[in-house]
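Residue numbering for the sequence shown follows the working numbering, beginning at 2 and increasing consecutively.
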Amino acid sequence: MEDRTMEDRTTDTLHARFVALHRQPHPLLLANAWDAASARLWQEAGAPAIATASAAVSWSRGYPDGGALPRHALIDSMRDIVRVTDVPVTVDLEDGYSDDADAVADLVAEVVSLGAVGINLEDGAADPERLAAKIDAVRRRLGPAPVFINARTDVYLRGLATGAAAVRETVSRLSRYAAAGADGGFVPGLTALDEMAGISAAVPVSLNIMALPGLPPPASLARAGVRRISTGPGLFKAAYAAGRESASAFLQGDLAPMFERSLDYSEMNRMLSA
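Below, the structure is given as structure tokens:
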């Protein structure tokens with residue numbers, strides 16, 4: 002791992018670094034990992050921070066996305082990722098795996114105690130007040146403990162509104178979440194630069210979006226007020242698509258694809274050695 006002092010690895014320091022990454026002239030490019038190996042590889046590739054994606058973590062543990070991941074599996078995956086990385090880690094908690102705000106706050110307190118400096122919480126199709134209550138409960142539960150709360154709204158992803166109505170609804174929700182204590186607003190499915198600009202100018206949180214096919218380049222997104230771009234489950238799908246193709250070729254007697262793009266055994270051991 003990188004040669005950093007113990008002070009550099011404290012939660013306060015990692016949190017400060019993570020917050021600063023949202024205040025650069027260019028957006029934070031956040032690669033989503035799902036286990037220790039992927040997290041360490043992304044760090045080696047230059048990732049300044051690591052995020053998890055609920056879909057990728059769930060699939061890697063043998064569960065569908067959408068609240069099916071057992072709490073112990075989530076915690077085990079998160080603990081492994083923190084163990085092998087030196088950069089800030091933020092964890093996707095879906096809707097907090099509960100409708101009870103205090104239970105969500107307890108879960109957030111646990112992941113923060115294990116080293117996470119950021120979390121994602123989403124509203125889905127629920128009443129926005131439910132997520133606002135969860136964010137408020139997290140802030141009350143943690144007190145001064147540093148954690149970057151990224152509030153995800155699914156207005157675009159679920160098609161809850163379109164056009165100008167989608168912008169208004171997104172602004173309304175993110176403003177409510179900011180008032181409850183959110184630091185960032187995640188709007189997956191948002192792809193139009195003019196709508197990004199309208200939303201970012203109207204909300205007091207760092208706007209972040211998910212990488213999707215055809216998305217404008219980061220420089221254009223920065224001018225529209227985007228502060229963070231994450232891959233979601235994209236890297237998982239790309240990695241496993243390549244693995245499936247290699248396995249299919251091997252099972253048909255063709256060994257070549259498996260070795261065309263292969264990680265080095267010794268390098269992997271080096272990266273994952275404490």
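C-beta atoms are modelled at their ideal positions from N, C-alpha and C, and glycine is treated no differently.
Since the structure is predicted, the reported quantities are computational estimates derived from the model, not experimental observations.
(1) One question on the structure: do D184 and S201 come within less than 8 Å of each other, judged by their Cβ atoms?
(2) Alpha carbon to alpha carbon, how far is S249 from A152? Give it in angstroms, no decimals.
(3) Kindly indicate which residue of R18, H23, L161 and S39 has the alpha-carbon position closest to the one of P234.
(4) Is there contact between the segment 8 to 27 and the segment 141 to 149, where contact requires at least three CB pairs shorter than 8 Å?
(5) Report the three-state DSSP secondary structure of A117 (helix, strand or coil).
(6) Which one of R18, P28, A17 and L22 has the shortest CA to CA distance from R228?
(7) Between L122 and D155, is the Cβ-Cβ spacing less than 8 Å?
(8) State whether the segment 80 to 92 contacts the segment 35 to 51, with contact taken as three or more CB pairs (one from each stretch) at a distance under 8 Å.
(9) Whole angstroms are fine: how far does the CA of P219 sit from the CA of A133?
(10) Let's see if you can read the secondary structure: which residues bound the alpha helix (DSSP H) around R221?
(11) Answer yes if the segment 71 to 87 comes into contact with the segment 53 to 62, meaning at least three C-beta pairs across the two stretches below 8 Å, and no otherwise.
(12) Round the Cβ separation of F187 and V118 to the nearest angstrom and send it over; I've been treating them as touching at under 8 Å.
(13) Taking L70 as the reference, which of D81, E268 and S55 has the closest Cα?
(14) Please name the residue in A46, A17, A21 and G164 whose C-alpha comes closest to that of E268.
(15) Drop a sphere of 10 angstroms on the beta-carbon of R159, count the other beta-carbons inside from all chains shown, and report buried for 16 or more, exposed for fewer.
(16) Could you check the C-alpha separation between M79 and D93 for me, to the nearest Å?
(17) In its own chain, which residues sit with a C-beta less than 6 Å from the C-beta of G199, not counting the 5 before and 5 after it?
(18) Return the bridge partner residues of M277 from the DSSP annotation.
For this structure:
(1) For the purposes of this step, residue 184 is identified with residue 183 of the sequence shown, where counting begins at 1. For the purposes of this step, residue 201 is identified with residue 200 of the sequence shown, where counting begins at 1. In this structure, the beta-carbon distance from D184 to S201 does not fall below 8 Å.
(2) Indexing the sequence shown from 1 puts residue 152 at position 151. Indexing the sequence shown from 1 puts residue 249 at position 248. Cα to Cα, the separation comes out at about 40 Å.
(3) Translated into the one-based positions of the sequence shown, residue 234 becomes position 233. Nearest of R18, H23, L161 and S39 to P234, Cα basis: S39.
(4) Under the 8 Å Cβ criterion, the segment 8 to 27 counts as touching the segment 141 to 149, having at least three qualifying pairs.
(5) The residue labelled residue 117 in the question sits at position 116 within the sequence shown. Here A117 sits in coil by DSSP.
(6) By 1-based counting over the sequence shown, the position of residue 228 is 227. Checking every option, the nearest Cα to that of R228 belongs to P28.
(7) As a first step, residue 122 is located in the sequence shown; it is residue number 121 there, counting from the start. As a first step, residue 155 is located in the sequence shown; it is residue number 154 there, counting from the start. D155 sits away from L122, with the two beta carbons spaced by 8 Å or more.
(8) Between the segment 80 to 92 and the segment 35 to 51, the count of C-beta pairs closer than 8 Å reaches three or more; the two stretches touch.
(9) Sequence index remark: in the sequence shown, residue 133 carries index 132 (1-based). Sequence index remark: in the sequence shown, residue 219 carries index 218 (1-based). Near 30 Å, if we compare the C-alpha coordinates of P219 and A133.
(10) Taking the sequence shown and counting its residues from 1, the one referred to as residue 221 is at position 220. Arg is not the amino acid found at residue 221; the sequence shown has Ser there. Run containing S221: P219 to R224, per the alpha helix (DSSP H) assignment.
(11) Three or more pairs of CB atoms, one per stretch, sit closer than 8 Å, so the segment 53 to 62 contacts the segment 71 to 87.
(12) Here residue 187 corresponds to residue number 186 of the sequence shown, with the count starting at 1. Here residue 118 corresponds to residue number 117 of the sequence shown, with the count starting at 1. Going by Cβ atoms, the distance from F187 to V118 rounds to 16 Å, so no, they are not a contact pair.
(13) To locate residue 70, count along the sequence shown from 1; it is residue 69. Relative to the Cα of L70, the nearest Cα in the group D81, E268 and S55 belongs to S55.
(14) On the sequence shown, residue 268 is found 267 positions in, with the first residue counted as 1. It is A46 whose Cα lies nearest to the Cα of E268.
(15) Here the question's residue 159 lines up with position 158 in the sequence shown. Counting Cβ neighbours within 10 Å, R159 comes out exposed, since fewer than 16 surround it.
(16) Reading the sequence shown from its first residue, position 78 is the one you call residue 79. Reading the sequence shown from its first residue, position 92 is the one you call residue 93. For the pair M79 and D93, the Cα-to-Cα distance works out to about 10 Å.
(17) The residue given as residue 199 occupies position 198 in the sequence shown. The answer, listed in chain order, is V168.
(18) Outside the shown range of the chain (2 to 275) lies residue 277, about which nothing can therefore be said.
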